[in-house]
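Asks: In the working numbering, the protein residues as written are 91 to 602. Sending over a structure as structure tokens; questions will come in a sec.
Here you go:
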């Protein structure tokens, strides 16, 4: 009926392709089967769950709608190579006398401007006994400078119709604003003033130390599975650069002195250790004149010491079990150490991760949630890093499910990736999902500014914004099979099992 013209053997695959492709496509809405009240038949393991019988008077209306959606999905699959075209960002890169790299992108589609200052410092630059400093500065940078009072930076931005924020990772720290185009000079003044003359005082340090410690309590110490995630990172990496958490330890934060913090600021918050990106409604020549006015007189500092990010090869599986009084269900967390971002293997792992655990059509979701009903959720990601990255898989168990059985199912699906090429529709779905996410970011000036700054810091390649989709598009089924065999091995994995200890409706069991 709906799939007239397709053989009975082909219909299940077509439905799977269409629902999966629409789940990841950039230009098509996500299909929710419950919205279609059609008495669709059960077709092997491709049964459409959630459908209910429809009144005959409504049948044709929904049949026509679904037929059109399926037609668009199948037609779009045929047109996919044309859809992988990249966005084109025309940028200009300039380096000031003090070493500050400035990247400008004119975009006159709206009277707005976005600025992003990305500093080449993250938790990977910290040393033993001095963790949490990079994240501490994310807070300190809003505590005032020579010409701006404590807390005034965000107030001035918002009072002039903008918004601002900051973030810290292992690999970088960034600060960003979006404002009406006529307020570009305000953003440049504020960013330059705190780069030049941040108020690093004992009072500011004590206040922000307390705030960061409270943040740690909320996000790690008092968060279900928080300690497990921290432990997994410690087990996954041997080199201290990526072994410790971004937020740092309570002991190191308590021990931080004003002199420690001043040294960190002097070394890492220098113009020659930063990239400034401007995206928006301006003329490049005018914008650069303003940038020079505010930034070029900030003195250059000696280059920071290089980071040792080498990692020894892991020779055997690592395992741990954590008893968590905040957890309500048993959780299985698996990680495989991999490669830095922007490498051929990284992009192949992106596609692999999407096929394995990306969305409701993924292999692990279909097997663990739908078919076997062993877990309430399963998912993960391929982490992008300047140093060794990782593929993470996390499953939260249903009551009475066994961790051994869940692990075994995950490893069986990984083994399939090693021995059988992924299907064409899985390959295209993964690429479409990447394209959708990428283009959604590229359409927003602030997201573009942040992304370009990150690529410039990570890889010294701001133009990656124009070529990244090509690199994803070049991944083949053979590439996916190759990286599965190379990285997703027993010897290379770290497994952390978290079991509830609070007795509050705990679910899941360890063992057989």
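Quick reminder that beta carbons are idealized off the backbone N, C-alpha and C, glycines included.
Kindly indicate which residue of 552, 572 and 270 has the alpha-carbon position closest to the one of residue 191.
Replies: 552
Asks: How is residue 351 classed by DSSP in three states: helix, strand or coil?
Replies: The answer is helix: DSSP assigns residue 351 an H, G or I state.
Asks: Given that a residue counts as buried once 16 or more other Cβ atoms are within 10 Å of its Cβ, and exposed if not, what is residue 409?
Replies: exposed
Asks: Tell me whether the beta-carbon of residue 477 lies closer than 8 Å to the beta-carbon of residue 364.
Replies: With a cutoff of 8 Å on beta-carbon distance, residue 477 and residue 364 are scored as not near each other.
Asks: Tell me the rounded alpha-carbon separation between residue 481 and residue 417.
Replies: Taken atom to atom, the span from the alpha-carbon of residue 481 to that of residue 417 is near 23 Å.
Asks: Between which two residues does the beta strand (DSSP E) holding residue 375 run?
Replies: Per DSSP, residue 375 belongs to no beta strand (DSSP E); it is in the alpha helix (DSSP H), 374 to 385.
Asks: Just to confirm the assignment, what range does the beta strand (DSSP E) spanning residue 427 have?
Replies: Unbroken beta strand (DSSP E) run through residue 427: 421 to 427.
Asks: Here's the rule: buried if 16 or more other CB atoms are within 10 angstroms of the residue's CB, otherwise exposed. What is residue 523?
Replies: Flag for residue 523 reads buried.
Asks: Are residue 581 and residue 407 touching if we call contact CB-CB under 8 Å?
Replies: Between residue 581 and residue 407, the C-beta spacing is below 8 Å.
Asks: Within the same chain, show all residues whose beta-carbon is closer than 8 Å to that of residue 238, passing over the 5 residues directly before and after it, in chain order.
Replies: 246, 280, 283 and 284
Asks: Return the residue from the list 583, 492 and 435 that minimises the CA-CA distance to residue 327.
Replies: The residue among 583, 492 and 435 with its C-alpha nearest the C-alpha of residue 327 is 583.
Asks: Ends of the beta strand (DSSP E) at residue 204?
Replies: 202 to 209
Asks: Taking C-beta to C-beta, are residue 329 and residue 399 nearer than 8 Å?
Replies: yes
Asks: Put residue 513 into one of helix, strand or coil per three-state DSSP.
Replies: coil
Asks: Taking all protein chains shown into account, do 16 or more other C-beta atoms lie within 10 angstroms of the C-beta of residue 213, making it buried, or fewer, making it exposed?
Replies: buried
Asks: Whose C-beta lies closer than 8 Å to the C-beta of residue 475 among residues of the same chain, with five residues either side of it excluded?
Replies: Closer than 8 Å at the Cβ level, and outside the excluded window around residue 475, lie 260, 261, 332, 430 and 431.
Asks: Near residue 294, what residues of its chain come up, given a Cβ to Cβ distance below 8 Å and the 5 sequence neighbours on each side ignored?
Replies: If we look at residue 294 and ignore the five residues flanking it on each side, its Cβ neighbours are 230, 233, 234 and 240.
Asks: Please specify which runs of the alpha helix (DSSP H), each continuous and at least 4 residues long, are wholly inside the region 428 to 455, giving them in chain order.
Replies: You should have 434 to 447.
Asks: So which of 305, 210, 494 and 463 has the shortest CA-CA distance to residue 395?
Replies: 210
Asks: Could you check what DSSP says for residue 586 in three-state terms: helix, strand or coil?
Replies: strand
Asks: Do the region 489 to 505 and the region 305 to 323 meet, that is, are 3 or more Cβ pairs less than 8 Å apart?
Replies: Flag = no, the region 489 to 505 and the region 305 to 323 do not touch.
Asks: Does DSSP classify residue 496 as helix, strand or coil?
Replies: Helix at residue 496.
Asks: With distances taken Cα to Cα, identify the nearest neighbour of residue 368 among 277, 460 and 498.
Replies: 277
Asks: May I ask you to list the residues that DSSP assigns as paired with residue 235?
Replies: Residue 235 pairs with 288.
Asks: Using a Cβ distance threshold of 8 Å, determine whether the region 564 to 582 contacts the region 214 to 228, with at least three qualifying pairs required.
Replies: no
Asks: Could you give the residue range of the beta strand (DSSP E) that holds residue 470?
Replies: 465 to 473
Asks: Between the alpha carbons of residue 354 and residue 255, how many angstroms are there, rounded?
Replies: If I take the Cα positions, the gap works out to 21 Å.
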